């Protein structure tokens with residue numbers, strides 16, 4: 115967890131893959147990168163990709 119409300123969570127897979135999920139309704143800054151509300155940032159081998167949940171089917 116990256117916050118006390120547990121709305122920002124980080125999971126590490128091995129040495130080269132991390133997922134930082136923002137379940138809150140506010141943008142979150144992580145290592146000088148903005149993770150929009152209700153999105154996740156995937157970090158693999160030093161490259162970042164933002165995945166938004168806005169257009170996903172429920």
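Numbering (the numbering used here), first residue to last: 115 to 172.
Quick reminder that beta carbons are idealized off the backbone N, C-alpha and C, glycines included.
Just so it is clear, the structure is predicted and the values come from calculations on it, not from any experiment.
Out of 128, 141, 158 and 117, the CA that lies nearest to the CA of residue 152 is found in 141. Distance from the CA atom of residue 160 to the CA atom of residue 145, rounded to whole angstroms, is 12 Å. The beta strand (DSSP E) runs lying completely inside the stretch 133-162 and spanning 3 residues or more are 142-144, 147-149 and 153-158, given in chain order. Annotation: residue 118 is outside any beta strand (DSSP E) and is labelled neither H nor E by DSSP. With a contact defined as Cβ atoms closer than 8 Å, residue 138 and residue 150 miss out at about 10 Å.
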